[in-house]
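What follows is a single structure, written as structure tokens, with notes after it.
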Amino acid sequence: MIDFIVQMFSYGFIRRAILVGVLVALSAALLGVCLVLKRYSMIGDGLSHVGFGAMAIALALNFTPLYFSIPVVIIAAFFLLKISENSSVKGDAAIAIISSSAIAIGMIAISLSGGTDIDINDFMFGSILLVTDTDLYISIGVSVAVIVMFILLYNKIMAATFDEDFVRATGTNVKAYNMLVALLTAIMVVVGMRIMGTLLISSLIIFPALTSMRVFKSFKKVVVCAAVVSVFCVLAGFVAAHLFALPPGSTIVVANLAVFLVFSVTGRLVKA
Amino acid sequence: MPLVAFENVSISYDGVYAVHDVNFTVEAGDYLCIVGENGAGKSTVIKGLLSLVPLKSGKIHLIPPMTRRDIGYLPQYKNVRNDFPASVYEVVLSGRLSKRGIFPFYRKKDKQAALESMRQLNILDLKDKPYCDLSGGQQQRTLLARAICSAGKLLVLDEPVAGLDPKVTQEMYDIVKRLNQQQGVAIVMVSHDIHAAVLYANKILHMDQTVQFFGSRDDYVNSAPGRAFLKG
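In structure tokens form, the structure reads like this:
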């Protein structure tokens, strides 16, 4: 087993993919605690679909995908945040419309550009072969930014996630924190899409937070546990994928599902 | 000593006035109840005071040395998440956030203030309990402890007893009265319960989009809107 893992790490592209995977999962888990508790889970999902559309248009027009899709997804993130804050517009319905429209426009762009040699499957479900050095540098940057932000703003994030009105009423600018979370989520989604794919990236955001809330009931414990669970699941997913020749993105999601079920049962037993 | 003054304040939602041309002042040590029918703009007055909604016209003056950071706030119980993973201590301590400004961590002083307000409300033994596992009354005490440790001068309460059972309701009223009388905290409370309002408050603001009555409790009981509302 040890030999097997050592051998797995000897491939440069796998090493790179695992590193990006761990960093993306860690930042996704931290941002996910905020998003899930604010009931913004669907924002991650909406963003990944917009990311797909942007990526497809970039390929069709021969732009560098990352440089084109990151700004587009950031704009989409602010827009989705605005929709979700304003309850007079039905936020969930708006996100569904944006998601499917983005996919549709992306597919049409690919089809119009005619015979691009990209595999749609890779974009939908992820591929570790898509991970580039640029992805690696961006994901290192994003995860460092997310972790530093989380430590420095931890108390503000907790207070504002629990009761936004109270924090606003006592004179703290909550909008700026919401924007920061949306910005980092957008970049994280674009980078993470390479490995996890459009359809699976939101699980990295949602699963760890939900999983740790099955067992833990203090904010600090939920955050720490979500971080640990996310990294564990990425590593376990990669090893299992390599061992049984499975698609890594899907294997990581299934690892998350398995841990979620274990935590759910544990949570029940602890309560009983 | 005046703390807050509303001057011709109007607030509208989607072009319709929720409150119109409101004038009143809150003095140090006041216990002001805002009463009125459903939809009369009671909560809107409070949201204006807390800068949660923009003013259409008029001005709300916080009279120095009073600042926004001296206001503690207890939101409507049903508006606060009760499935949130946080310990009682984490929730109460979050009341000290505005005292920290841009400094990222709570200091010893903040932790002491949080513990002190938990002691006052008799929830010190619940310190490490998950907030979501508490009873409604305990949750409301936790939120009140958060409000108290965030500010000492003015406490704004939006229907603090809505959804609580009669025994817990009485407890809440007693706690608020004690804070007002013993600690000199000024209270602004939106209340559905007109009888409790005239029992505890020293001033009444009766709203129906516009101010129907503002003045002392004793005058209110004998005024036309007061007599009509108390009867109904």
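Quick note, the sequences are listed as chains V and S, same order.
Throughout, my numbering is defined as the position within the first sequence, counted from one, plus 153.
Counting from 1, position 76 in the second sequence corresponds to residue 56 in my numbering; the numbering is continuous, with no gaps.
Note that CB positions come from ideal geometry on N, CA and C, so glycine has one too.
Every value quoted in this text rests on a predicted model; they were computed, and no experiment measured them.
- Taking the beta carbon of Pro84 (chain S) as reference, the chain V residues within 9 Å of it are Ile304, Leu305, Leu306, Tyr307, Asn308 and Lys309, listed in sequence order.
- For Asp1 (chain S), the uninterrupted beta strand (DSSP E) segment begins and ends at Val(-4) to Glu7.
- Boundaries of the beta strand (DSSP E) around Glu(-13) (chain S): Pro(-18) to Tyr(-7).
- Val342 (chain V) is classed as buried because its beta carbon has at least 16 other beta carbons within 10 Å across all chains shown.
- Under the criterion of beta carbons closer than 8 Å, Val368 (chain V) and Phe416 (chain V) qualify as touching, at roughly 5 Å.
- Using beta-carbon distances, Gly324 (chain V) counts as an interface residue toward chain S, with a partner under 9 Å.
- Interface flag for Arg49 (chain S) against chain V is set, since a Cβ pair is found closer than 9 Å.
- DSSP, reduced to helix, strand and coil, places His175 (chain S) within a helical segment of the structure shown.
- Around Phe319 (chain V), the beta-carbon contacts reaching into chain S at under 7 Å are Tyr53 and Pro55.
- With a 10 Å radius around the Cβ and a threshold of 16 neighbouring Cβ atoms, Asp108 (chain S) comes out exposed.
- Close partners of Val165 (chain S) in chain V (Cβ separation under 8 Å) are lacking, with about 15 Å as the shortest Cβ gap.
- Residue burial is scored here from C-beta neighbours: Met(-19) (chain S) has fewer than 16 other C-beta atoms within 10 angstroms and is therefore classed as exposed.
- Straight-line measurement puts the Cα of Ile310 (chain V) at about 35 Å from the Cα of Gly259 (chain V).
- Here DSSP, grouped into helix, strand and coil, assigns Phe166 (chain V) to helix.
- If you compare the alpha carbons of S:Lys147, S:Ala176 and S:Leu134 with that of Ile26 (chain S), the shortest gap goes to S:Leu134.
- Per DSSP, Met195 (chain V) is one residue of the alpha helix (DSSP H) stretching across Ser194 to Ala213.
- Our two residues, Leu144 (chain S) and Arg87 (chain S), have alpha carbons roughly 34 Å apart in a direct line.
- When only Cα atoms are considered, Tyr290 (chain V) and Val327 (chain V) end up about 30 Å apart.
- Going by DSSP, Thr190 (chain S) is part of the beta strand (DSSP E) stretching over Thr190 to Ser196.
- Under the criterion of beta carbons closer than 8 Å, Val71 (chain S) and Gly38 (chain S) do not qualify as touching, at roughly 34 Å.
- Taking a C-beta distance under 9 Å as the contact criterion, Ala209 (chain V) and Ser383 (chain V) do not qualify as a contact pair.
- For Leu234 (chain V), the CB contacts under 8 Å within the same chain, skipping 5 residues up- and downstream, are Tyr193, Ile196, Asn331, Met332 and Ala335 in chain order.
- Counting only unbroken stretches of 4 or more residues, the alpha helix (DSSP H) elements lying wholly within the stretch 352 to 404 of chain V are 354 to 368 and 372 to 397, in sequence order.
- Distance from the CA atom of Tyr53 (chain S) to the CA atom of Ala213 (chain V), rounded to whole angstroms, is 54 Å.
- No Cβ-Cβ contact shorter than 9 Å links Ala8 (chain S) with Ala181 (chain S).
- Taking 9 Å as the cut-off, the beta carbon of Arg168 (chain V) is found no closer than this to the beta carbon of Asp286 (chain V).
- Taking CB atoms only, Lys374 (chain V) has a neighbour in chain S less than 9 Å away.
- If you look at Gly52 (chain S), you'll find it in the beta strand (DSSP E) that goes Ile51 to Leu54.
- Each residue's CA atom was taken as its position, placing Met152 (chain S) and Ser74 (chain S) some 21 Å apart.
- Within 10 angstroms of the beta-carbon of Asp156 (chain V) lie fewer than 16 other beta-carbons, which makes it exposed.
- In this model, Ala204 (chain S) and Pro44 (chain S) are separated by some 35 Å (Cα to Cα).
- Counting only runs of 4 or more residues that sit fully inside the stretch 248 to 279 of chain V, the alpha helix (DSSP H) segments are 273 to 278, in chain order.
- Under a 10 Å Cβ-count criterion, Tyr111 (chain S) is classified as buried, with 16 or more other Cβ atoms of the shown protein chains found around its own Cβ.
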